[in-house]
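2 protein chains.
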Amino acid sequence: MSDMAMRAQGLRRMLRAQSVAVIGASADASRVGGRPIALMQGYGFNGAIHPVNLKADTIQGLPAWRSVADIPAEVDLAICSVPAEQVAETVRQCAARGIPGVIVFAGGFAEVDEAGRARQEELAQIARTSSIRILGPNSVGFADFRRGLVASFHPAFPPSMPRDGRIGLVTQSGAFAGMSSLLAAARGGSFSYVLATGNEADVEVAECVAFLAEDENTDVILCYIETCRDGPRMIEALALAQKRRKPVVVVKLGRTEAGARAAQSHSAALAGADAIYDAVFRQFGVYRARSLEEFFDVGFAAAIAPLPKGDSLGIMTVSGGAGVLLADTAVDYGLSVDPLPEACRQEMRELVPIAGVENPLDLTGYVINSPPLFSRAMRMIVEGTDFASISAYQGGLYRNRQAIEPHLPIWRAVRQDHPNRLFTLSGFMDGDCHRAFEALGIPTYREPTHAIRATAALRHFARAFAREKTVRRKTATPPLPTGPIDEPEALGFLQEAGIPAAPHRLAGSPDEAVAAAEAFGFPVALKIVASGLIHKSDIGGVRLNLANAEAVRAGFDSIVTVVRQARPDLAIRGCLVMPMQRGGVECIIGTVRDPSFGPAVMFGLGGVLVEVLKDVSFRIAPFDVAEAHRMIDETRGAVILNGVRGAPPADREALALALARLSEIAHAHAASVRSIEANPFMVFPRGQGAAAVDAVIERDS
Amino acid sequence: MSDMAMRAQGLRRMLRAQSVAVIGASADASRVGGRPIALMQGYGFNGAIHPVNLKADTIQGLPAWRSVADIPAEVDLAICSVPAEQVAETVRQCAARGIPGVIVFAGGFAEVDEAGRARQEELAQIARTSSIRILGPNSVGFADFRRGLVASFHPAFPPSMPRDGRIGLVTQSGAFAGMSSLLAAARGGSFSYVLATGNEADVEVAECVAFLAEDENTDVILCYIETCRDGPRMIEALALAQKRRKPVVVVKLGRTEAGARAAQSHSAALAGADAIYDAVFRQFGVYRARSLEEFFDVGFAAAIAPLPKGDSLGIMTVSGGAGVLLADTAVDYGLSVDPLPEACRQEMRELVPIAGVENPLDLTGYVINSPPLFSRAMRMIVEGTDFASISAYQGGLYRNRQAIEPHLPIWRAVRQDHPNRLFTLSGFMDGDCHRAFEALGIPTYREPTHAIRATAALRHFARAFAREKTVRRKTATPPLPTGPIDEPEALGFLQEAGIPAAPHRLAGSPDEAVAAAEAFGFPVALKIVASGLIHKSDIGGVRLNLANAEAVRAGFDSIVTVVRQARPDLAIRGCLVMPMQRGGVECIIGTVRDPSFGPAVMFGLGGVLVEVLKDVSFRIAPFDVAEAHRMIDETRGAVILNGVRGAPPADREALALALARLSEIAHAHAASVRSIEANPFMVFPRGQGAAAVDAVIERDS
């Protein structure tokens, strides 16, 4: 077993503990060392609890031990409730006993000062050099509600929770771990696991996601994070969840500068570049929520309802206005609201002459007040159409249990007959009504637009899970040129690596330049080639549109003269001769290296879109051509590639191939390449390919 | 008194009725003709109710009359609960008796078929030719909760509502009128008025907004609309509300094609162009909500809390994560989250060494659990800073009345001492807690991001109400040229009307063209001038960058030849000679005529931004220069005018002046001009002005 696999096994053992030691156990259930025992006993934890206390013989009715070494049974998990100064020694004792994992509650580590940082590093060191796993420090612990293993001191954990939750929550905020159970209880839901990672001296968020991705009692993963310390591991965990078809919903905090400032002071961690996080989330099918409400709305919907097979939505409403609101919102979210088929409209008109038979289908009070009519209308919109999702708005008609009684059997029957359709319901309902419908697998919302948001989110997961992961072509990537890389070397390297470059030739003299230009055909561009020079046009090192031999000769001389004057330190190799590239769409493709996630590829359309509107998209390398197409589609300007203002459609396939290929190059040379950029990267009309017109490769010095 | 003022007075009299006739009154309180009587009696309506019934002598304990003519008292309002076929006759009787207003409940009018449309037109005709005002048909009526005048049959109106509501609601959806009181009650709020306009044969939504803008019991106006039948009246109403400093929150339905299809089938009204509605809302400070939740969240906040004096926000939190979420969201909404002043940070550090003293201010459990400490922290963030708004997140700590008891006096005192600051609060609270804080004028939310959304919305109103309405310069606008208008006439007209145009001269021969070009200086452009030709470059009617006399002469001949071949039907006047315009930012300015709101002005930056991204903004004409600047700022590309990629800042002032001037021209010639467009409109570097380079004016034929 690899070291990584062993460590994952240690985490699994601690999170599935049958036997728990509580070090620093207190008889007082309101104290940090007392609450976990009280909670576990209250929840009816089905394993053994071993209090450890220097003085007492029994704690909360359980035999207590002087030290963890004295416990006469196997221990899977130690809860360490001792002051910061004693933590390292206690953890060492646990490691010496072979305990798989320990939770460290104490604060006073990296989140406070230099001494705290040193204490935390000591813990990290123990974890690295032994087999023990450490959750924390500064963690409120975790809860496995199914088994009653509430290994936490957080006062917000209620005295009981339903045991059938299928949602696993990972959070870097301890306060949120406690709060989450209140929020879940308020909507009649629960969790399989709540895991609070605290300062992450050892166990971090990505490993917890991977654990939940494999946990058989978890169907959906909620993740509340400020920063991700190990990007590659997070990618692996998210890819695993995607493979297991488990929806992941994320709140990523610290999106803005103000947010990041607060995040930094809070968890002593640097917030990563937000665009890269966004790229990771998109790439692995994660849904990013912008509020806690959305986080839970989407998470709970994913836990009870099927994922819709298509974008089409049918709307049933008792209020024309709400129907319009639902339709507007659906279109905003990228769903399609197509008219009902004519047969269906005809049938509906016969059923209720005054009903609105568009989509939204406007059910009248007449229909609603007659269960047989409602049942027929319901069957009609489900069975007379192929809408993948149906959203119904019931105004105040379903406001209490009594009101829904005549309709519930109808919903139950339709649901059972059509298990693969997504049904959502909105309107003014009390808690009983919400629970009654959600028990049928029908997410319910007071706010109508939230039903649509949830539908779109579940559709997002359906699309993400349906993606074919193509096996990456393991094309060999050529070695990088040695030393600093000048433009002809960069273009040559890209070309050799499978990314087309415009024809070019290095000319050492005016005569050579003229010969090259005549071979290519006029007009041509001339660009200075000198090691270490990047912004060559700023100092007059570029001439464009040279139309004849005379212009090329004069251009060569003047470029060399001005560059020599401006930068006498540079060794000039000559000028690059390139035929002018016309008739293409100017794009930028490039790579950056994220400190957490590694090499990423950027795409944007040239000019104002990139430079002014920052209309770019990213993906983590490597990725396939299908992902490259999604990446292109994400930019607002992508429509330009379809051909606008009379231009022909561009060769998107060549562009997507180049992006995918670039991702493989960035991945293969991750250690030595800081960035690659082809700007412009010209994409010619369909069938005519693409070409890097300029290229810069920065390597680590 | 003008006819309009008289009609407004009629509406006021019916909405403030002291004496109500119910025609078609029923003894059964569950029937349409019985419910209004039961509701008014239940609510303790302080006026007189006169049932009218063909057979009964008493109805629900009240003396009944055979016809409206028999009622031995003055009647301010008649509720007409008779079938569609009898409505016109009944309304005529009411008009004959001099009753100021009638509500028509019956459906079966323009929303169903041709016969219904005729019936509705008959009602409109009665309203036009008498002094009676008609609310409906197909209206659920209205409610004045303050006086218990619930003139509605809608079953969702609850048996009682608080009488102190300060929010007036106008809705075109009857279902929503009923639903709204459930939604308000759920958050412990109420309305001054709920007005449902139905099919709007006479009274329409704009008049109701104007009524509420003048109503002394209404502070905030909520408006739920599908379409606005009388644009100019709506503009007047919104301007009045803005002048009275009454926030208006709108849900405008039918934004998308799918939504509009549903809207059309629902209310037999055409949905207007959404961009124009957006322009109207922005121009008059209206807040547009995208969900019912947002609609009420913003409306209720505006009804209880002060409008913040600036963009700055201070954040207090008990959870670092939630603090980051609040900060992120605040930045998204355009608020500023600046660090605490150093003195303040110092004081806070002394108070609680472990507190996070950035902004967000991370209050620890230590502070929260000590009311004196909490009070000091609260005072510090309010009095040690000049944050215009403060948003506090309390996690689950304020979950019930008992939990908030120690803190309420602190909030009350700070609120009283700082009546002009906006405080918002979020976290997990029960209904009691929400009401307790809202009674202090502190809007509360379960979802933290909604506190920020409300803050931003109130800030939006503060900005809108602070706008100086400059008195419009009543510059005379020259008359339009007669007949079809060709390019030199259009450029000349704009120039005469105060919008700069590039130098240009009409040349009837190659010699004249050369003379003009030599006078202007080379290079020049030549453009064909022929009546009725718009897309002149498509048929070869334009030559650019002509560098010398020879080129101009050849260009003139070739233009005339190709145009004559392509369009032998056109009378060619010659060619327009114009020096090439360089060094400016290409914009598009133009006017359109909206069928409901009249002339509107459009602005966009030329090229890909307008043509591909549709990055344009609109305003209803006329408007002032300050409004023109806001209009420019609304486009994503506006930043280009600041100078990007090394370009100097553009002459924004000249652009804004041109837009404002164009709005006056469009307004003055509203009757005869269909559209004006200057494309490109070149905006030169600051101080160098701007110029229309091409102009097209379309007049009504």
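From first to last, the protein sequence lines stand for chains A and B.
Per the numbering used here: the first sequence = residues 1 to 701.
Per the numbering used here: the second sequence = residues 1 to 701.
Where a beta carbon is used, it is the ideal one built from N, C-alpha and C, also for glycine.
Sequence-distant residues of its chain with Cβ nearer than 6 Å to residue i (five each side left out)
i	result
threonine 591 (chain B)	Pro599, Val601, Ala666, Ser675 and Ile676
isoleucine 99 (chain A)	Val75 and Ala78
glycine 395 (chain A)	Val318, Ser319 and Gly427
methionine 631 (chain A)	Phe603, Ser617 and Arg619
serine 265 (chain A)	At serine 265 (chain A), the pLDDT of 43 sits below 50, so the modelled position is not reliable; the number obtained from the coordinates is stated separately. Closer than 6 Å at Cβ, skipping near neighbours: no residue.
isoleucine 404 (chain A)	Tyr398 and Cys433
glutamate 698 (chain B)	Arg674 and Ser675
alanine 269 (chain B)	With a pLDDT of 35 at alanine 269 (chain B), under the threshold of 50, the predicted position of this residue should be treated as unreliable, and no value is reported.
Chain B residues whose Cβ lies nearer than 8 Å to that of residue i
i	result
leucine 182 (chain A)	Gly396, Arg399 and Phe428
glycine 198 (chain A)	Correct list: empty, because the minimum Cβ distance to chain B is about 12 Å.
proline 448 (chain A)	Ser291 and Leu292
Cutoff 7 Å; reference residue i; Cβ partners in own chain excluding five residues on either side
i	result
proline 159 (chain A)	Gly42
arginine 13 (chain B)	Asp76, Pro100 and Gly101
glutamine 688 (chain B)	Asp651
arginine 35 (chain B)	Ala29 and Phe153
alanine 156 (chain B)	Gly178, Met179, Ser181 and Leu182
leucine 11 (chain B)	Gly101, Arg133, Val203, Glu207 and Phe211
Extent of the continuous alpha helix (DSSP H) to which residue i belongs
i	result
proline 371 (chain A)	371 to 383
glutamate 489 (chain A)	487 to 496
leucine 641 (chain B)	Neither: leucine 641 (chain B) is in no alpha helix (DSSP H) and is coded neither H nor E.
alanine 457 (chain A)	448 to 466
serine 558 (chain A)	549 to 566
isoleucine 235 (chain A)	231 to 243
Cβ neighbours of residue i in the same chain (closer than 8 Å, five flanking residues each side left out)
i	result
isoleucine 126 (chain A)	Ala88, Val91, Arg92, Ala95, Ile132 and Ile134
valine 445 (chain A)	The displayed chain sequence assigns tyrosine, not valine, to residue 445 (chain A). Excluding sequence neighbours, tyrosine 445 (chain A) sits near Asp297, Thr424, Leu425, Ser426, Ala451 and Ala454.
methionine 6 (chain A)	Ser131
Endpoints, the beta strand (DSSP E) within which residue i is located
i	result
tyrosine 224 (chain B)	220 to 225
proline 478 (chain B)	Careful: proline 478 (chain B) lies outside any beta strand (DSSP E) and carries neither H nor E.
histidine 669 (chain A)	Premise fails: histidine 669 (chain A) is in no beta strand (DSSP E) and is neither H nor E.
aspartate 572 (chain B)	In the sequence on display, residue 572 (chain B) carries isoleucine and not aspartate. That run of the beta strand (DSSP E) goes 572 to 579.
proline 599 (chain A)	598 to 605
Contact set between residue i and chain C, taken where Cβ atoms lie within less than 8 Å
i	result
glutamate 207 (chain A)	Of the chains in the structure shown, none is chain C; the protein chains are A and B.
Chain-ordered chain B contacts of residue i [CB-CB under 9 Å]
i	result
serine 67 (chain A)	Neighbours of serine 67 (chain A) on chain B: none; closest Cβ ~30 Å, over 9 Å.
Interface partners of residue i on chain B, CB under 7 Å
i	result
valine 644 (chain A)	Glu611 and Val612
glycine 141 (chain A)	Under the 7 Å cutoff, chain B gives no residues; its nearest Cβ is about 16 Å from glycine 141 (chain A).
glutamate 226 (chain A)	Gly321 and Val324
glycine 136 (chain A)	Within chain B, no residue comes near glycine 136 (chain A); the closest Cβ sits about 16 Å away, beyond 7 Å.
serine 173 (chain A)	Ser319, Gly320 and Gly321
Chain-ordered chain A contacts of residue i [CB-CB under 7 Å]
i	result
arginine 636 (chain B)	Leu613
Partners in chain A for residue i, counting only beta-carbon separations shorter than 8 Å
i	result
leucine 253 (chain B)	Gly321, Val324, Leu325 and Asp328
Distance cut-off 7 Å: residue i Cβ against heavy atoms of the ligand FAD
i	result
proline 595 (chain A)	Within the structure as shown, the ligand FAD is missing, as the structure has no ligands at all.
Under 9 Å from the C-beta of residue i: neighbouring residues of chain A
i	result
serine 312 (chain B)	By Cβ distance, chain A contributes nothing, its closest Cβ being about 11 Å from serine 312 (chain B), past 9 Å.
Check your understanding: Can you give, in chain order, each stretch of the beta strand (DSSP E) that sits fully within the segment 148 to 217 of chain B and has at least 3 residues?
Key -> Assignment of beta strand (DSSP E) within the segment 148 to 217 of chain B, counting only whole runs of 3 or more residues, yields 149 to 152, 167 to 171 and 193 to 196 in chain order.
Check your understanding: Are at least three pairs of beta-carbons, each pair with one atom in the segment 449 to 463 of chain A and one in the segment 306 to 325 of chain A, less than 8 Å apart?
Key -> Yes, since at least three Cβ pairs between the segment 449 to 463 of chain A and the segment 306 to 325 of chain A fall closer than 8 Å, the two stretches touch.
Review point. For the segment 349 to 360 of chain B against the segment 279 to 293 of chain B, are there 3 or more C-beta pairs whose distance is under 8 Å?
Key: Put simply, the segment 349 to 360 of chain B does not touch the segment 279 to 293 of chain B. Fewer than three CB pairs are less than 8 Å apart.
Review point. Fully enclosed by the segment 55 to 125 of chain B, which beta strand (DSSP E) runs are 3 residues long or longer?
Key: Within the segment 55 to 125 of chain B, the complete beta strand (DSSP E) segments of 3 residues or longer fall at 77 to 80 and 101 to 104, listed in chain order.
Review point. Looking at C-beta atoms only, is the number of pairs between the segment 134 to 149 of chain A and the segment 218 to 230 of chain A that lie closer than 8 Å three or more?
Key: No contact exists between the segment 134 to 149 of chain A and the segment 218 to 230 of chain A.
Check your understanding: Which runs of the alpha helix (DSSP H) spanning at least 4 residues fall entirely within the segment 311 to 335 of chain A, listed in chain order?
Key -> Within the segment 311 to 335 of chain A, the complete alpha helix (DSSP H) runs of at least 4 residues are 320 to 332.
Check your understanding: Can at least three beta-carbon pairs, one atom from the segment 501 to 521 of chain B and one from the segment 571 to 582 of chain B, be found at a separation below 8 Å?
Key -> Contact between the segment 501 to 521 of chain B and the segment 571 to 582 of chain B is present: three or more C-beta pairs spanning the two stretches fall below 8 Å.
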